[in-house]
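Input: a single structure, listed below in structure tokens.
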Amino acid sequence: MATQPEEVQAALSGSYKAGFVTNVETDTLPPGLNEDIVRAISARKHEPEWMTEWRLQAYRHWLTMKQPHWAHVNLPEIDLQAISYYSAPKKKPKSLAEVDPEILAAYDKLGVPLHERNKLAGVAVDAVFDSVSVATTAQEQLAKVGVIFCSMSHAIVHHPELVRKYIGSVVPQGDNYFAALNSAVFSDGSFVFIPKGLRCPMELSTYFRINAGHTGQFERTLIIAEEDSVVSYLEGCTAPMRDDNQLHAAVVELVALDRASIKYSTVQNWYPGDENGKGGVYNLVTKRGECRGPDSRITWTQVETGSAVTWKYPSVILRGDRSSGEFYSVAVTKHYQQADTGTKMTHIGRDTRSKIVSKGISAGNSQASYRGLVKVEKNAINARNHTRCDSILIGKKCGSHTFPYMEIKNPTAIVEHEATTSKIADDQLFYCRSRGISEEDAVSLIVNGFCKEVFGELPMEFAVEARKLLEVSLEGAIG
Amino acid sequence: MLKIENLHASIAGKEILKGLSLEVKAGEVHAIMGPNGAGKSTLGNVLAGRPGYEVTAGTVTFNGINLLELEPEARAAAGVFLAFQYPVEIPGVNNTYFLRAALNAQRKARGEKELDSMQFLKVVRGKVKAMGMKPDLLNRAVNEGFSGGEKKRNEVFQMALLEPRLAILDETDSGLDIDALKQVAEGVNALRSPERTFLVITHYQRLLDYIVPDYVHVLADGRIAESGDAQLARELEAHGYAWVREHVAPGVEA
Amino acid sequence: MQDAAAAARLPGSGLAWLDAARSEALQAFAARGLPDQRNELWRYTSLRAFAQRGYAAQDPAAATRGVDAAWLQLPGVEGPRLVFVNGVFRADLSSLAALSPGVAVGSLASALRDDPEPLRFLLGGHVADDDDGFTLLNRALAADGVVLKIAAGTVVEAPLHLVHVGVAADAATAWHVRSLIEVGTGASVDIVEHHLGDAATGHFSNIVRDISVREHAHLGWTSVQQASIDATLMRRTHIRLHDDATVDLHALELGGKLARHEVRVEMTGARSRFVSHGAFILHGRQHADAEILVTHRGRDTVSSSVWRGVADGRARGVVHGRILVQPGADGADGSFYNKNLLLSPDAEIDTRPALEIYADEVKANHGATVGQLDEHVLFYLRSRGIPLEQARRILVRAFCLVALDGVQPQALREYCEALLAQQLPEASA
Numbered sequence: 006m007a008t009q010p011e012e013v014q015a016a017l018s019g020s021y022k023a024g025f026v027t028n029v030e031t032d033t034l035p036p037g038l039n040e041d042i043v044r045a046i047s048a049r050k051h052e053p054e055w056m057t058e059w060r061l062q063a064y065r066h067w068l069t070m071k072q073p074h075w076a077h078v079n080l081p082e083i084d085l086q087a088i089s090y091y092s093a094p095k096k097k098p099k100s101l102a103e104v105d106p107e108i109l110a111a112y113d114k115l116g117v118p119l120h121e122r123n124k125l126a127g128v129a130v131d132a133v134f135d136s137v138s139v140a141t142t143a144q145e146q147l148a149k150v151g152v153i154f155c156s157m158s159h160a161i162v163h164h165p166e167l168v169r170k171y172i173g174s175v176v177p178q179g180d181n182y183f184a185a186l187n188s189a190v191f192s193d194g195s196f197v198f199i200p201k202g203l204r205c206p207m208e209l210s211t212y213f214r215i216n217a218g219h220t221g222q223f224e225r226t227l228i229i230a231e232e233d234s235v236v237s238y239l240e241g242c243t244a245p246m247r248d249d250n251q252l253h254a255a256v257v258e259l260v261a262l263d264r265a266s267i268k269y270s271t272v273q274n275w276y277p278g279d280e281n282g283k284g285g286v287y288n289l290v291t292k293r294g295e296c297r298g299p300d301s302r303i304t305w306t307q308v309e310t311g312s313a314v315t316w317k318y319p320s321v322i323l324r325g326d327r328s329s330g331e332f333y334s335v336a337v338t339k340h341y342q343q344a345d346t347g348t349k350m351t352h353i354g355r356d357t358r359s360k361i362v363s364k365g366i367s368a369g370n371s372q373a374s375y376r377g378l379v380k381v382e383k384n385a386i387n388a389r390n391h392t393r394c395d396s397i398l399i400g401k402k403c404g405s406h407t408f409p410y411m412e413i414k415n416p417t418a419i420v421e422h423e424a425t426t427s428k429i430a431d432d433q434l435f436y437c438r439s440r441g442i443s444e445e446d447a448v449s450l451i452v453n454g455f456c457k458e459v460f461g462e463l464p465m466e467f468a469v470e471a472r473k474l475l476e477v478s479l480e481g482a483i484g
Numbered sequence: 004m005l006k007i008e009n010l011h012a013s014i015a016g017k018e019i020l021k022g023l024s025l026e027v028k029a030g031e032v033h034a035i036m037g038p039n040g041a042g043k044s045t046l047g048n049v050l051a052g053r054p055g056y057e058v059t060a061g062t063v064t065f066n067g068i069n070l071l072e073l074e075p076e077a078r079a080a081a082g083v084f085l086a087f088q089y090p091v092e093i094p095g096v097n098n099t100y101f102l103r104a105a106l107n108a109q110r111k112a113r114g115e116k117e118l119d120s121m122q123f124l125k126v127v128r129g130k131v132k133a134m135g136m137k138p139d140l141l142n143r144a145v146n147e148g149f150s151g152g153e154k155k156r157n158e159v160f161q162m163a164l165l166e167p168r169l170a171i172l173d174e175t176d177s178g179l180d181i182d183a184l185k186q187v188a189e190g191v192n193a194l195r196s197p198e199r200t201f202l203v204i205t206h207y208q209r210l211l212d213y214i215v216p217d218y219v220h221v222l223a224d225g226r227i228a229e230s231g232d233a234q235l236a237r238e239l240e241a242h243g244y245a246w247v248r249e250h251v252a253p254g255v256e257a
Numbered sequence: 037m038q039d040a041a042a043a044a045r046l047p048g049s050g051l052a053w054l055d056a057a058r059s060e061a062l063q064a065f066a067a068r069g070l071p072d073q074r075n076e077l078w079r080y081t082s083l084r085a086f087a088q089r090g091y092a093a094q095d096p097a098a099a100t101r102g103v104d105a106a107w108l109q110l111p112g113v114e115g116p117r118l119v120f121v122n123g124v125f126r127a128d129l130s131s132l133a134a135l136s137p138g139v140a141v142g143s144l145a146s147a148l149r150d151d152p153e154p155l156r157f158l159l160g161g162h163v164a165d166d167d168d169g170f171t172l173l174n175r176a177l178a179a180d181g182v183v184l185k186i187a188a189g190t191v192v193e194a195p196l197h198l199v200h201v202g203v204a205a206d207a208a209t210a211w212h213v214r215s216l217i218e219v220g221t222g223a224s225v226d227i228v229e230h231h232l233g234d235a236a237t238g239h240f241s242n243i244v245r246d247i248s249v250r251e252h253a254h255l256g257w258t259s260v261q262q263a264s265i266d267a268t269l270m271r272r273t274h275i276r277l278h279d280d281a282t283v284d285l286h287a288l289e290l291g292g293k294l295a296r297h298e299v300r301v302e303m304t305g306a307r308s309r310f311v312s313h314g315a316f317i318l319h320g321r322q323h324a325d326a327e328i329l330v331t332h333r334g335r336d337t338v339s340s341s342v343w344r345g346v347a348d349g350r351a352r353g354v355v356h357g358r359i360l361v362q363p364g365a366d367g368a369d370g371s372f373y374n375k376n377l378l379l380s381p382d383a384e385i386d387t388r389p390a391l392e393i394y395a396d397e398v399k400a401n402h403g404a405t406v407g408q409l410d411e412h413v414l415f416y417l418r419s420r421g422i423p424l425e426q427a428r429r430i431l432v433r434a435f436c437l438v439a440l441d442g443v444q445p446q447a448l449r450e451y452c453e454a455l456l457a458q459q460l461p462e463a464s465a
């Protein structure tokens, strides 16, 4: 079976469905970064003094750091002085009813109708437009049972004791270059607090959208699950098609206390750039969770189809005895996308478990890497890890790479890694086609099957969305 | 020779054997039957000393010694042999090497002289022939790449070589077709002797057509619910384990 | 660590092209220094302790030191023998009388003295990007080595025996050995390399070799490393396979305090085939680092590697196995499997297999595990009467035996098996 390059190229020049720009009047800080900008961001958000200081501390630390260069990721030096660090819609909504209709329309186009979703049982939505949370639905309903689900800005002002206690406790200010930058200038993000013993009655979700040009988005999300609580959270991300690159440098921190469980799912569809590699979002994200208490559990599930460059390793620190961490990932790259993603599982407590399932699909001129670290510390008795990484290549110009690291310091550990890389099996394709399925549908079918284990981990309503997204991303991926 | 009294055993905190008592004399063949989950395999594993099985109460005396105190290898040296339900594959360990290590370790433990490799080869080749095994068995790794039937026959072959005094057959019939079943049974029957005792653990009566037991015990919910002769097995076959539940151990889940 | 004065005494000094290459390498070493752990390839191997030790630039008495005759024997290996003592070729201990026609072999030192021109292409090159501190030192200071050429079509029956002996010198000594090996078109040869030494010689041996296996040629390479327990060994083996060439590598790493072997395989030829098996068994504070980097460039190339590691005591074992498939290497089939046993609470294993794939008509797989012996298997052995400690040893031995799959001749294989058995963790016999 031969692929036909021209057709592949034609088809792969495919369609980014979320690439519209919304015309909204914004309050935007001038480009550039210095202590005054950091103070200005903090002031615009009416933050308490300690928060401003915390930001400045991060900023000063950041000044001592250099933009890292990663093997296998070709990321140009980003001119961080050319970016604006704050952009917010001018009309500040007080309630959902006051949200700028343009913004609501923007979310409608994305399939996130805030009004309707609000009425849907089972999902609460926080919408972040450029730097600011514009709408959070179902807040009252959640507040009744003690759940706090709000924007980070709101939390800093209204729940300072919680924010102060937990922020930076999983991802310290100076953790890495982009995390330090985020700590200094983060604009907004979601804050979630689930009190002791509560199973959060609905799915929580945040939709992030970068709209304004020449801005960076630096959201910061913090989720705290107290003892015996359970929460499932989903984030979705899109951005307009623009010729210049947009920077997205987020930090997500999860804290699971004793017996708590956090499930964090991501459907990332930032603009990937065009077929010539022009434009697209640099998605440089630090995500980390800590199973702080015994028997706690954190699950990361991600479907990554967008961004020009993705660099993220949602990780779990397994500190509590018998805690468990899981990572399920589908990463699809095409055009000139580069995805370098994976996870770190650090086993510290006794009887800790981790499981990693990574599925990569590369097409066009893209490069996809899995990079993972499983670390078993000296006192982590009976640690168990199983890692499975499979990759599919579609076309001759793409690359797919697997870089697992295993550092084992305890002899009772059992750590297993296996990986395969191949193209879509010709016999599978032929089998489908001989049953009358078009080649494109067959690819989609096979890739869907390939990703099934990961989609199975997504909350039901988003699994459908993820599958659709995958189909769109693969449109005409094979000739 | 084997006396089990009020044996309680659990695995991962779950009690499986709940007061099992059984007395077996030299030369007898006892069949242990029962529905899935009754504790049949647990009994075999506890007798062989498998780690992870915790004896919480009761005693097991074997020829006057307290079996439960012994390490697995010491039990083997004392004459206990478990034919595994699922014999493990041991890549890289050659059968000849393995069998000689086992036989000599047992001989040493019993204060007998160890066999040198020539003596051993003579013995083992004789057994291969007597048991109708393929000679290439000796050059292969333990159970590696063996079919289910081959593994079970290999267990019986090991039994023939190691000459235990108490042989426990843990569902040795499972997964065998009728020809393989007959071969295994012939192997076992050839080893029957007044000094050797058999505990034949099985779910089906089928095997007992070929290895005719002196006694049949029905295990249910971790205890012996009913004992009888070979006729009991045939009744079970005719009526199924539901019959046990209704007639001999009401209230037990089959 | 080394001075330029030493370089002046090196064989071949005075040859303008060689002096230039050596001096360039020395300057590059001065600039790059020893690799540190920020270098991804050295991530798990620290040179801090090594860098603090001092080594004499050479052992002046290397040409005359006595060597236990038993060290020069290896069962099943009765072909021509080349012996190096403290890095210096010893014609008196070697036996090259029985060379088959078509085999040209000699020491690097004598080749540089007698006929240097053919070496110019290999030794006169510029410093490369992938040179690190050790290969640079080797470029600058290599004083001896093997120059071996198997003529086209020559099938060498008896394996060639290559012995590296480290014996006690007046001071801990460094030596840098550079070997050049070419197996001609359609030729076939087996080489058995043996490293061994006195218990207490803390030498530093730095070996680089370039091996070219031409079209339809075959190379079998068995390396048995039993260097003294205080020795540091750095080895880099470049192997280039041309069309239809095959290489079969076996490596047994048992000795040394710090032993690193970089095997860099370039499969440029179509249908070439590389198979490797290796194992390390480490005790005490030993540190072993096996780096197997296989690059598929030609079409329909096949590589397969199986490595095993055992770490006891406070030892640390490091494995890095990378399969790189370059664009155009369609039909490549690469696999790398590494299993490790961690036997002590103070030991550590760091393993990282890697796949880098830039072509789509490929099959690439890898797997790695770190764990202990299987409980079920242990119980099976014990239930047959084998005591726990003995059962453990049987299983560890079996675990490592995979590394000897295909070692020829049989007598050598048996010798290696016995070595493995000796090296197993202390336990009652």
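Chains as they are written, first to last, in this note's numbering: chain A, 6 to 484; chain B, 4 to 257; chain C, 37 to 465. Beta carbons: idealized from backbone N, C-alpha and C, even for Gly.
Using a Cβ-Cβ cut-off of 9 Å, residue 96(B) is close to 413, 417, 430, 431, 433, 434, 437 of chain C, given in chain order. For the 9 Å CB-CB criterion, residue 194(B) and residue 159(B) form a contact. Boundaries of the beta strand (DSSP E) harbouring residue 155(A): 153-156, taken from the DSSP string.
Membership of residue 433(C) in any beta strand (DSSP E) is not indicated; the residue belongs instead to the alpha helix (DSSP H) covering 424-437. If one requires a minimum length of 4 residues, the alpha helix (DSSP H) runs lying completely within the region 175-201 of chain B are 181-194, in chain order. The beta-carbon separation of residue 86(A) and residue 37(A), rounded to 5 Å, stays under the 8 Å limit for a contact. In the three-state reduction of the DSSP assignment, residue 62(A) falls in the helix class, which pools H, G and I. Our two residues, residue 278(A) and residue 340(A), have alpha carbons roughly 8 Å apart in a direct line. Judged by DSSP in its simplified three-state form, residue 233(A) adopts coil rather than helix or strand. By the criterion of a C-beta distance shorter than 8 Å, residue 382(A) is surrounded in its chain by 351, 352, 353, 414, 415, once the five residues flanking it on both sides are discounted. One thing to note: residue 320(C) has its Cβ within 9 Å of the Cβ of residue 349(C).
Not a single CB atom of chain C sits nearer than 9 Å to the CB of residue 449(A). Not a single CB atom of chain B sits nearer than 9 Å to the CB of residue 408(C). When DSSP assignments are scanned along the region 45-89 of chain B, the uninterrupted stretches of beta strand (DSSP E) that are 3 or more residues long and fall wholly within it turn out to be 56-65, 83-86.
Around the beta-carbon of residue 435(A), fewer than 16 other beta-carbon atoms lie within 10 Å, marking it exposed. CA-to-CA, the gap between residue 145(A) and residue 452(A) works out to about 41 Å. Taken through DSSP and simplified to helix, strand or coil, residue 154(C) comes out as helix.
By the 16-neighbour rule on beta-carbons within 10 angstroms, residue 55(A) is exposed.
For the region 292-326 of chain C, the beta-carbon criterion of a distance under 8 Å to any beta-carbon of chain A is satisfied by none of its residues. The Cβ neighbour count for residue 55(B), taken over all protein chains shown within 10 Å, is under 16; the residue is labelled exposed.
Counting only runs of 4 or more residues that sit fully inside the region 357-420 of chain C, the alpha helix (DSSP H) segments are 411-419, in chain order. Only residues of its own chain outside the window of five on either side were considered, and among them 5 have a CB closer than 6 Å to the CB of residue 65(B), listed in chain order.
Taking one beta carbon from each stretch, the region 384-391 of chain C and the region 397-417 of chain A have 3 or more pairs nearer than 8 Å; the two touch. Closer than 7 Å at the C-beta level to chain A, one finds these residues of the region 364-394 of chain C: 378, 379, 380, 381, 383, 384, 385, 386, 387, 388, 389, 390, 391, 392, 393, 394. The C-beta distance from residue 325(A) to residue 263(A) rounds to 7 Å, short enough to meet the 8 Å contact threshold. Considering only beta carbons, no part of the region 321-345 of chain A lies closer than 9 Å to chain C.
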